[in-house]
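Number of protein chains: 2
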Amino acid sequence: MSDDLFAPERAEEGPGRQPWYVLIVDDEAEVHRITRLALQDFQFDGRGLNFISAYTGTEARLLLNNRHQEIAVALLDVVMESDDAGLTLVDFIRNDLDNQHMRLVLRTGQPGQAPEHRVIVNYDINDYKAKTELTAQKLSTLMHTSLRGYRDIMTIEANRRGLTQVIQASADIFQRQSLIPLLDGVIEQLIALVKMDKGLLLERRRHFAARTEGLDLQVLVASDGYNHLSGMSTDDILAPAERGLIREAIARNHHIFTDEGAVLLCCNNFERSLVLFLEGGKPIDQMDRHLLDLFIHNVAIAFDNVRLNSEVEETQREIVYLLGETVETRSHETGNHVKRVAEFCYLLATLSGMSEEEASILRYAAPLHDLGKIGIPDHILHKPGRHNHEEREIMQTHAFLGHSLLSQSQRPILHAAAIIAHEHHEKWDGSGYPVGKQGEDIHIFGRIVALADVFDALCSERCYKPAWSTADALAFIQEQSGKHFDPALVQVFMANIDDFLRIRAAYGD
Amino acid sequence: MSDDLFAPERAEEGPGRQPWYVLIVDDEAEVHRITRLALQDFQFDGRGLNFISAYTGTEARLLLNNRHQEIAVALLDVVMESDDAGLTLVDFIRNDLDNQHMRLVLRTGQPGQAPEHRVIVNYDINDYKAKTELTAQKLSTLMHTSLRGYRDIMTIEANRRGLTQVIQASADIFQRQSLIPLLDGVIEQLIALVKMDKGLLLERRRHFAARTEGLDLQVLVASDGYNHLSGMSTDDILAPAERGLIREAIARNHHIFTDEGAVLLCCNNFERSLVLFLEGGKPIDQMDRHLLDLFIHNVAIAFDNVRLNSEVEETQREIVYLLGETVETRSHETGNHVKRVAEFCYLLATLSGMSEEEASILRYAAPLHDLGKIGIPDHILHKPGRHNHEEREIMQTHAFLGHSLLSQSQRPILHAAAIIAHEHHEKWDGSGYPVGKQGEDIHIFGRIVALADVFDALCSERCYKPAWSTADALAFIQEQSGKHFDPALVQVFMANIDDFLRIRAAYGD
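Residue numbers (the working numbering), protein chains in the order written: chain A, 1 to 509; chain B, 1 to 509.
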C-alpha cells in the first residue's frame, strides 16, 4: 500500500506545478533578503518556493489566521517585539490554529534568550538553528529536509482524509434502499472523491452509471447537466473508443483508468453488469485509484443488497396481486382490476399529499380489498341478476370477513389491508356498510379505495352489467361527490383524470 | 479531527512505555560509544531510547530485513565497506524495504565523499550532518526533531490504517443479511479494530451485543468463549455498576468509555435499543474512539437495513400464509394446516440435504399448494361424503388451476409454488394426478409437500373423516413408502419423527 501512496507525487515532477509556500518571520529585513536570495533557485519535487514575509509575531498571526493551511515551512525568529515572540507563535500555530503539519524551524540570533535544550524539549518545533550556522548550503539542506517531512505527512494525511471520505460516502450509499437513488448517490460521491485535494474541477463533466440490458448498455443515471442521457443506449452517446473501453472493462472484469477518466466495474455477472463511466479530463492518480477501488467495492455490496431487497419486495407485490386476483377470478372479474385499483389508489394518495411511505403501503394493500369474497357462496357471488335482500346481506359480509382474515397480522401492509377490506364500502354520507361510518370517520384508505374500486367497476363489464362509457362513469362519480365519495378526492380525481385514464389503458383487460 | 488525532499520545507520557528504537550504522566503534553516551538520559514523550548497532552496510541490511518496522530513527555513516555504503543503505530502506517512515540521518566524517548538496537532493534522507557539527546538544536536538517527525507520521499512519480497517470491517458487515450473522461480524470486527496497533490483547475478554426486550436487556451474540451468554438477561451476568453504564448510555443516547472498556450505542429508539458491551481491560484512546464511532455509525445503518429486510420478508411470509389459509378456510380446513405443512417441508428438505436457500423457498411456497381450490365450486369442495367420479374429476382440476394461477410469475417463490400446486398429488408409483408422473420425475418439492400434506391431513379432522391417531397415520405413511411416497423421504421422516411431532404440537388447531 505505501508504495502506491508515495509513488505518484514523485512521478508528477515538472514545471507548472504550485510552489511550496514558505513563511519567514523575522524583525531584520536583511534576514528576509538573504533567505530569498539563497533559495531563489531552490526546487523540491519540481516545485519552487513562494515566500511570505512577516516582521513581527503579531503580523505573522494575522497572516496565518487566513493562510496557515497552505504554508509548508515557517522559519521563525525568536526575539522580535518580545523576547519570546517566536516561541509564542509556535504555540499559536500548534494549539490555537491546531496545525500539526506545518514544519516549524526556529532561527535565533541570540541563543541565550532561547536555550536550545529548553526550546527543543518544550516547543513542538521541527528544527532549531542558530542564524550563524545557516550557510546557503545549510539553508538548502534545511529546506529539503523540511519539505520532505511536510510532503510525507501531507501524502498520508491526504490518504487519511480520502479514507474518511470513503467511509462517509459508503455510509451514504448504504442508506439508499432502491436502485436509482443508490446510483444518484454513487455518482455524487465519486465526483467528490476524485476531485478531493487535487484541484480537479470534475463537475459538469459527463459521468454516468450504465447497466447491460441484453446486448445493450443503458444509462440509468447521469451527472448533473446530463440527465437527458438516462435511458439512452451508450451506443448513441459514446465514441467508438469509449465503447471499446467499457467492453474491455467488462471482458477483463477490471476497472480501466485512462488519461481522460475511468471505467469502473461495479458488478459483473453473467446476466448483468453495472459500469460507471467517469470523464475526468485528467488522469486519476494512484492514491485516488486506490480510494475509488475501496469505494466501488462497497458500491457493489450496496448494489447487491438493493437487488436482493427489490427482489423480495417485487415478490411480495406479486403475491398480493395474486391473492387479490385469485379472489377476483372466483368472482369472475378480470385479473387486472386489482392492479388498476392499486395504481389508482397510489395516484390519488400522492395527489392528495399523502407521504410516499403511506401511499406505498396503500398501493400494496389495496389489491386485498375484496379478500372477504372468498367466504361468499358461489350461488350468491356468481348470480347474474340483482341480489335479493337476504343475498345482499350475505354479500355484504365480505367486508367483515376480509377484515377478520387480514387483522390476524400486525404487519403494516396487512393492517392497512384489513382497514381497507372493512371500510371500502362505507360512503361519505353514512349510507354505506358494514358500519355506516361517515365523512372523515371513514379511514382515508377506505375512502380512496371506494372511489378507485367503483370507478374501475363502472368502466368494466361485470356479470350483472355491461361496461359504462368513460363519460357516463365520470358523470356518476361527479354526481356522487359528497354522497358516496369524499368530495376532496373527487376533485383531485377529476382534475387529473387524464393520468387515471392512462393507468386504465396501461392495464387493460 | 486532527486535535483528536494528536492529543492522546502526548497525554500518555509516563514510565513503563516502550522505548524508541534507534539504529546506529558506523564503522567506528567510538561513534557508537559516544552516541550512546551523549543520549543515555534522553527522553521524548516519556520514552527513552534503545540503540541497535551495526558496523557495516551489509550487517545493517541483515538486521533491517527483520526489524525495520520497529526502528524510528537511523543514524547512518556514509563511508564504510565502500565509499557509498551509507547511501546504498538509504536506497535499500526506502525502495527495497519500502519503508518511508523511518527517519534517516546521514552523519559523514568525510563530506568530500558525499557532497551535501548532491546527497540531500538525490537521496530521500531527513537530515545531513557532518560528524564534527554534532555536539551532545545538537545530537539531542536532532533526536528530538527526528522522533517528533516520526511520531507525527506514525500517528497519522495509524489512523490511516485504522480507517482502512473500518472500511473493510464495514464492507464485511454490510454483506450480512440477517441479525445474528450481522452481530457476529460486528463483535469480530470490533475486537480487531480496538486491538489494532496498540498491543492490547482483547481476545478472550467478554464482549457482547444485547438488545432491549421490553424492560429487559438480552444478550444476542457474545464473543468466543462466552457463547453461553446468548439469550441471557444482562441482569444475570453484569455487576450493578456495569448495568448502570448501559442504562446511562441508553438514557444519554451516547457511547460511554471507561477505564475498562466501552458501552457502544448502536441504535436507540423508543421500542428497541441495541448496545455493544466491550470489556477492554485498558482505556480506549481518542483515536480508537473516533474509529469506533465511525464504525458504529455504519453498524447502525446495517442494522436498519437488516431490520427493514426482515420486516419485508416477514410480511411476505405472512401474506403467503394468509393466502394459503384463506383457501383452506374456504375448504373448511383449519388455518394452521398451511403453517404446519410449511414447517414439515422445511424440516424434510434440510434433513434431506437441500441447501438452506432452496429449503427456504420451499417453506415460503408450500402454503400455496392448494391455491387452485379457489376455482372448485362450493358443492363439491364442501361435500361431506365421498366424491363421485365426476366430482372427483372436477376436484382434481385444482392442481392444474393452482399451477396456472401461480405460473404467471417468474419470481422464485411463486415459480416453486406453481410446481408444488401442480405436482403435490402425484404419487411415487405413478398412480397420482394430474399427469401420472412417477419417481424422480416428480419434482422434489412436489414429493416433499405430498408427504407433509397427507401426514397433516391424516392427523386432522376433516368434513369427510375424523382425525387419525398418530400411530395409525405413521403406519399408513410407512405402508405407502414406494407407493404414494418417495421411500427416501419416508425414511428421513420416520428417523426424525419426534421433530415432526414437535412441530405439530407447536402449531396445534
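The beta carbon of each residue, even a glycine, is placed where N, CA and C say it ideally should be.
Would you kindly work out how many angstroms separate the C-alpha atoms of Ala300(A) and Cys266(A), rounded to a whole number? Residue mapping note: residue 300(A) aligns to position 300 of the first sequence, counting from 1. Residue mapping note: residue 266(A) aligns to position 266 of the first sequence, counting from 1. Straight-line Cα distance between these residues: approximately 5 Å.
Between the CA atoms of Val25(B) and Gln110(B) - distance to the nearest angstrom: If you number the second sequence from 1, residue 110(B) lands on position 110. If you number the second sequence from 1, residue 25(B) lands on position 25. The straight-line gap from Cα to Cα measures roughly 15 Å.
Under a three-way DSSP split, which group does Lys282(B) fall into? Position 282 of the second sequence, counting from 1, holds the residue named residue 282(B). Reduced to three states, the DSSP call for Lys282(B) is coil.
Taking the alpha-carbon positions, what's the Asp127(A) to Gly261(B) distance? Locating residue 127(A) in the first sequence gives position 127, where the first residue counts as 1. Locating residue 261(B) in the second sequence gives position 261, where the first residue counts as 1. Going by the C-alpha atoms only, they are around 39 Å apart.
Output, in sequence order along the chain, the residues in the stretch 155 to 182 of chain A whose CB is closer than 8 Å to any CB in chain B. Ile156, Glu157, Asn159, Arg160, Leu163, Thr164, Val166, Ile167, Ser170, Ala171, Phe174, Gln175 and Gln177
C-alpha gap between Asp96(A) and Gly86(A), whole angstroms: Numbered from 1 along the first sequence, position 96 holds the residue referred to as residue 96(A). Numbered from 1 along the first sequence, position 86 holds the residue referred to as residue 86(A). Each residue's Cα considered, the two are about 15 Å apart.
Taking the continuous alpha helix (DSSP H) assigned at Cys345(A), which residues delimit it? Translated into the one-based positions of the first sequence, residue 345(A) becomes position 345. Where Cys345(A) is concerned, the enclosing alpha helix (DSSP H) stretches over Asn336 to Leu351.
Quick one: what's Asn126(A) bridged to in DSSP? Within the first sequence, numbered from 1, the residue matching residue 126(A) stands at position 126. In the DSSP output, where bridge partners are listed per residue, Asn126(A) has none listed.
Within its chain, find whatever has a CB closer than 6 Å to the CB of Ala136(B); leave out the 5 residues flanking it on each side and keep chain order. One-based indexing of the second sequence puts residue 136(B) at position 136. Excluding residues within five positions, the ones whose Cβ falls inside 6 Å are Ala38.
Note down the Cα distance separating Ile153(A) from Asn309(B), rounded to an integer number of angstroms. Taking the first sequence and counting its residues from 1, the one referred to as residue 153(A) is at position 153. Taking the second sequence and counting its residues from 1, the one referred to as residue 309(B) is at position 309. Ile153(A) and Asn309(B): Cα-Cα distance of roughly 43 Å.
Note the first and the last residue of the continuous beta strand (DSSP E) segment covering Cys267(B). Here residue 267(B) is taken as the residue at index 267 of the second sequence, counted from 1. First-last of the beta strand (DSSP E) with Cys267(B): Gly261 to Asn268.
Does Ser469(B) get closer than 9 Å to chain A when you measure Cβ to Cβ? Within the second sequence, residue 469(B) is the residue found at index 469, counting from 1. No, its Cβ sits nowhere closer than 9 Å to a Cβ of chain A.
What's the C-alpha gap between Leu200(B) and Leu368(A)? Counting from 1 along the second sequence, the entry for residue 200(B) is found at position 200. Counting from 1 along the first sequence, the entry for residue 368(A) is found at position 368. Interpretation of Leu200(B) is limited by its pLDDT of 45, a score under 50 that renders its predicted location unreliable; no figure is taken from the coordinates.
Just to check my reading of the structure: Ala209(B) and Val194(B) have Cβ atoms closer than 8 Å, yes? What is that Cβ distance to the nearest angstrom? For the purposes of this step, residue 209(B) is taken as residue 209 along the second sequence, with counting starting at 1. For the purposes of this step, residue 194(B) is taken as residue 194 along the second sequence, with counting starting at 1. By a beta-carbon distance limit of 8 Å, Ala209(B) does not contact Val194(B). Their separation comes to about 15 Å.
Report yes or no: do the stretch 443 to 450 of chain A and the stretch 482 to 493 of chain A share at least 3 C-beta pairs separated by less than 8 Å? Three or more beta-carbon pairs drawn from the stretch 443 to 450 of chain A and the stretch 482 to 493 of chain A are found closer than 8 Å, and the two stretches are therefore classed as touching.
Under 8 Å by Cβ, that's how I've got Pro384(B) and Cys463(B) pegged, so tell me the actual separation to the nearest angstrom. Taking the first residue of the second sequence as position 1, residue 384(B) is located at position 384. Taking the first residue of the second sequence as position 1, residue 463(B) is located at position 463. Right, the Cβ-Cβ distance comes to about 5 Å (below 8 Å), so this counts as a contact.
Can you grab the Cα-Cα spacing for the pair Gln18(B) / Arg161(B), in whole Å? If you number the second sequence from 1, residue 18(B) lands on position 18. If you number the second sequence from 1, residue 161(B) lands on position 161. Rounded to whole angstroms, Gln18(B) to Arg161(B) spans 21 Å at the Cα level.
Shorter than 9 Å from the beta carbon of Asn309(B) to some beta carbon of chain A? As a position in the second sequence, residue 309(B) is number 309, starting the count at 1. Yes, its Cβ sits closer than 9 Å to a Cβ of chain A.
DSSP-derived helix/strand/coil call for Thr108(A): To locate residue 108(A), count along the first sequence from 1; it is residue 108. It is a strand residue.
Quick check: is the beta carbon of Gly214(A) nearer than 9 Å to any beta carbon in chain B? Your numbering for residue 214(A) matches position 214 in the first sequence. Cβ-Cβ to chain B under 9 Å: no for Gly214(A).
What in chain B is Cβ-close to Ala72(A), meaning under 9 Å? Stepping through the first sequence from its first residue, residue 72(A) is reached at position 72. Near Ala72(A) there are no residues of chain B at all, since even the closest Cβ is about 14 Å away, more than 9 Å.
Flag this pair as yes or no: are the beta carbons of Leu278(A) and Leu220(A) separated by less than 9 Å? Taking the first residue of the first sequence as position 1, residue 278(A) is located at position 278. Taking the first residue of the first sequence as position 1, residue 220(A) is located at position 220. Cβ atoms of Leu278(A) and Leu220(A): not closer than 9 Å.
Under 8 Å Cβ-Cβ, which residues of chain A neighbour Asn126(B)? By 1-based counting over the second sequence, the position of residue 126(B) is 126. Within 8 Å Cβ-Cβ: Thr145, Arg148 and Gly149.
My output table needs one value for Thr212(A): the three-state DSSP class, helix, strand or coil. On the first sequence, position 212 is the one that residue 212(A) refers to. Here Thr212(A) sits in strand by DSSP.
Given a threshold of 16 other Cβ atoms within 10 Å of its Cβ, counted over all protein chains shown, does Thr132(A) qualify as buried or as exposed? Indexing the first sequence from 1 puts residue 132(A) at position 132. Thr132(A) is exposed by the Cβ-count criterion.
Would Glu314(A) count as contacting chain B if we go by Cβ distances under 9 Å? Indexing the first sequence from 1 puts residue 314(A) at position 314. Taking Cβ atoms only, chain B reaches closer than 9 Å to Glu314(A), which makes this a yes.
Arg148(B) burial status per 10 Å Cβ neighbour count (16 or more: buried): Taking the first residue of the second sequence as 1, we reach residue 148(B) at position 148. So Arg148(B) ends up on the buried side.
DSSP puts Phe277(B) in a beta bridge; with which residues? As a first step, residue 277(B) must be located in the second sequence, where it is residue number 277. Beta-bridge partners assigned by DSSP to Phe277(B): Phe208(B) and Val263(B).
Rounded to the nearest angstrom, what separates Ala251(B) and Arg330(A) at their Cα positions? Position 251 of the second sequence, counted from the first residue, corresponds to residue 251(B). Position 330 of the first sequence, counted from the first residue, corresponds to residue 330(A). Distance between the alpha carbons of Ala251(B) and Arg330(A) is about 55 Å.
Let's see if you can read the secondary structure: which residues bound the alpha helix (DSSP H) around Ser140(B)? Mapped onto the second sequence, residue 140(B) falls at position 140. Here the alpha helix (DSSP H) through Ser140(B) covers Ala136 to Phe174.
What number of angstroms, rounded off, separates the C-alpha of Ala495(A) from the C-alpha of Ala171(B)? What you label residue 495(A) is simply residue 495 of the first sequence in a count that begins at 1. What you label residue 171(B) is simply residue 171 of the second sequence in a count that begins at 1. Going from the Cα of Ala495(A) to the Cα of Ala171(B) covers about 49 Å.
What's the call for Glu325(A), buried or exposed, on a 16-neighbour Cβ count within 10 Å? Counting from 1 along the first sequence, the entry for residue 325(A) is found at position 325. By the neighbour-count rule (16 or more Cβ atoms within 10 Å), Glu325(A) is buried.
With a threshold of 9 Å between beta-carbons, can Asp197(A) be considered close to chain B, or not? Taking the first sequence and counting its residues from 1, the one referred to as residue 197(A) is at position 197. Summary for Asp197(A): the model assigns pLDDT 37, below 50, so the residue's position carries little reliability; its value from the coordinates is reported in the next sentence. No - not a single Cβ of chain B is within 9 Å of the one on Asp197(A).
CA-to-CA distance, Gln40(A) to Arg47(A), given in whole angstroms: In the first sequence, the residue the question calls residue 47(A) occupies position 47. In the first sequence, the residue the question calls residue 40(A) occupies position 40. In this structure, the CA atom of Arg47(A) is about 12 Å from the CA atom of Gln40(A).
Quick check on the burial criterion: 16 or more other C-beta atoms within 10 angstroms. Buried or exposed for Ala342(A)? Position 342 of the first sequence, counting from 1, holds the residue named residue 342(A). Burial call: buried.
Does the CB of Ile24(B) have a neighbour CB from chain A at under 9 Å? Within the second sequence, residue 24(B) is the residue found at index 24, counting from 1. With 9 Å as the cut-off, Ile24(B) does not count as an interface residue toward chain A.
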